[in-house]
Amino acid sequence: MNRAWFLALVLAVTAVGCSSDGAEPERARPVAVQYPEVEVPKDRDEGTVVKALRALNPCVLFDPTAIGFPAGTTPEPPEAHKCAISKGAGDSRFIVDVDDRFDRIQKYNAASLVLNGATAYLTSGPGVGQCQVAIPATFEVAVTIVGRDGPRSQGDLCASVKAAGEVAVGKLGALVFRSEPDVALIGACVDFPFGMTCQPSTAVPVPIGPEAAFAAAAGDARVACEITRDAFGVFSSGFAPVLGSRVGEPLRCYLVESSHTVVIEVAVYYDSDLTDGTHTAGGLGTTVAGRPATIASTKEQRRLCLLPVPGSKIGLMCVVAYFLPGRGVAAAYEVDSSKAPELDRAVADVVAKRFS
Numbered sequence: 001m002n003r004a005w006f007l008a009l010v011l012a013v014t015a016v017g018c019s020s021d022g023a024e025p026e027r028a029r030p031v032a033v034q035y036p037e038v039e040v041p042k043d044r045d046e047g048t049v050v051k052a053l054r055a056l057n058p059c060v061l062f063d064p065t066a067i068g069f070p071a072g073t074t075p076e077p078p079e080a081h082k083c084a085i086s087k088g089a090g091d092s093r094f095i096v097d098v099d100d101r102f103d104r105i106q107k108y109n110a111a112s113l114v115l116n117g118a119t120a121y122l123t124s125g126p127g128v129g130q131c132q133v134a135i136p137a138t139f140e141v142a143v144t145i146v147g148r149d150g151p152r153s154q155g156d157l158c159a160s161v162k163a164a165g166e167v168a169v170g171k172l173g174a175l176v177f178r179s180e181p182d183v184a185l186i187g188a189c190v191d192f193p194f195g196m197t198c199q200p201s202t203a204v205p206v207p208i209g210p211e212a213a214f215a216a217a218a219g220d221a222r223v224a225c226e227i228t229r230d231a232f233g234v235f236s237s238g239f240a241p242v243l244g245s246r247v248g249e250p251l252r253c254y255l256v257e258s259s260h261t262v263v264i265e266v267a268v269y270y271d272s273d274l275t276d277g278t279h280t281a282g283g284l285g286t287t288v289a290g291r292p293a294t295i296a297s298t299k300e301q302r303r304l305c306l307l308p309v310p311g312s313k314i315g316l317m318c319v320v321a322y323f324l325p326g327r328g329v330a331a332a333y334e335v336d337s338s339k340a341p342e343l344d345r346a347v348a349d350v351v352a353k354r355f356s
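In this note's numbering, the protein residues as written are 1 to 356.
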């Protein structure tokens, strides 16, 4: 090999690997992206729907035999847009309201079902009386049927409430939603609990190399979803990636699932480190997959923040598991966070796969 050519090659490689003053090489920098706009479903005209609902005699929505009452059982006199029916003192009592408020958060917390071809939601517990079915007519208005047991009640109260709902749907016809969306969200965003700013994440390539992958994830939340989407199967086999935002925050990666028992948040902060209390407040220092990290844990969530790029003292990735009570229960707020420590192992797998 020509000696002069070899010397030039060595100098060129040296120049690429470090600067002339011995400083660290410049970090790969994130590039902010413009996410595609999504079109969300439009609501019905609420005033028109409410006017039509209030024109109904709510008592006609009851069929006593569907809820196990004798055929001649007479509903109580209607009150405004409500009607109640019972066999007598101490027995079950059912109340229908044709103009009740039932918003997106209530839908998220309730169990979803189909009654006679219509979208409906079921909730049981003291927070709604004892058992409630809601049949949406607009994004915020629903026909609701609430059942309350008495000391002489017999049978399955929620089964009776659902049976009453089946009858009501048949009489309400096109006034209630059937195949149409009943919330201004699309796809898996119906399982996002933290607001209405959400869109499904789409697949994007992940650059090779820890620095490049981290910088890309800091600029594009879809990359953060690609990096982590398959890591948390221990919590749920049905995660779907979405880009969501709480009020005043940028879009971030969230992994959501339909049982509403757990949500995973993945946030990447290019210029933050473990001393940034905004993200790591209350966290105890540790290491995860050999990387400096902090972990903070409560009954409802576990937050792990770490420096994923090897040798770096800046550039933070925080992963949070939120534990929720699940759908359909309106009783005391109880969650199952017994698997919370599994978050650490899942994040360690992400580091090993993407940042090593």
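Glycine residues also receive a C-beta, built at the ideal position from the N, C-alpha and C atoms.
Secondary structure note for residue 104: its alpha helix (DSSP H) is the uninterrupted segment 104-109. Taking 8 Å as the cut-off, the Cβ atoms of residue 282 and residue 293 do not count as close. When DSSP states are grouped into helix, strand and coil, residue 223 belongs to the helix group. According to DSSP, residue 154 shares a beta bridge with no other residue. Residue burial annotation: residue 114 is exposed, with fewer than 16 other C-beta atoms found within 10 angstroms of its C-beta. Beyond the five residues adjoining it in sequence on each side, residue 279 comes within less than 7 Å, by CB distance, of 269, 272, 305, 316, 318 in the same chain, given in chain order.
Shown here, residue 280 sits in a helix according to DSSP, grouped into three states. Separation of the CB atoms of residue 58 and residue 216 is rounded to 56 Å, and the pair is thereby denied contact status at 8 Å. Nearest neighbour of residue 355 by Cα position, chosen from 335, 303, 291, turns out to be 291. Taking the Cα positions, residue 44 is about 10 Å away from residue 177.
Within the same chain, and ignoring the five residues on either side of residue 182 in sequence, the residues whose Cβ sits closer than 6 Å to its Cβ are 119, 136. Sequence-distant partners of residue 101 (beyond 5 residues in either direction) whose C-beta falls short of 7 Å from its own C-beta, in its chain, are 140, 141.
The beta carbons of residue 245 and residue 251 sit closer together than 8 Å.
In the three-state DSSP reduction, residue 123 falls in the strand class (E or B).
If you compare the alpha carbons of 191, 224, 196 with that of residue 206, the shortest gap goes to 224.
The three-state reading of DSSP puts residue 339 in coil, since its state is none of H, G, I, E or B. According to DSSP, residue pairing for residue 293 in a beta bridge involves 286, 306. Under the three-state reduction of DSSP, residue 229 is assigned to coil, being neither helix nor strand. Take the alpha-carbon of residue 233 and the one of residue 175: they are about 40 Å apart. DSSP places residue 266 inside the beta strand (DSSP E), whose first and last residues are 262-269.
Beta-bridge partners of residue 318 (DSSP): 267, 305. DSSP places residue 190 in no beta strand (DSSP E); its state is neither H nor E. For residue 48, the enclosing alpha helix (DSSP H) stretches over residues 46-54. Shown here for residue 83: same chain residues with a beta carbon closer than 6 Å to its own, the five before and five after excluded, namely 58, 59, 75, 96 in chain order. In this structure, 180 is the residue among 277, 327, 180 with its C-alpha nearest to the C-alpha of residue 117. Secondary structure of residue 194 (DSSP, three-state): coil. Under the three-state reduction of DSSP output, residue 323 falls in the strand class. In the structure shown, residue 208 adopts coil according to DSSP, grouped into three states.
Residue 220 and residue 151 have their C-alpha atoms roughly 58 Å apart. CA-CA distance, residue 159 to residue 165, rounds to 10 Å. DSSP lists 255 as the bridge partner or partners of residue 241. Distance from the Cα of residue 324 is smallest, within the candidate group 238, 109, 204, 81, for 109. Here DSSP, grouped into helix, strand and coil, assigns residue 79 to strand. A direct Cα-to-Cα measurement between residue 212 and residue 310 gives close to 12 Å.
In this structure, residue 99 and residue 54 form a Cβ contact; the two beta carbons are roughly 6 Å apart against a cut-off of 8 Å.
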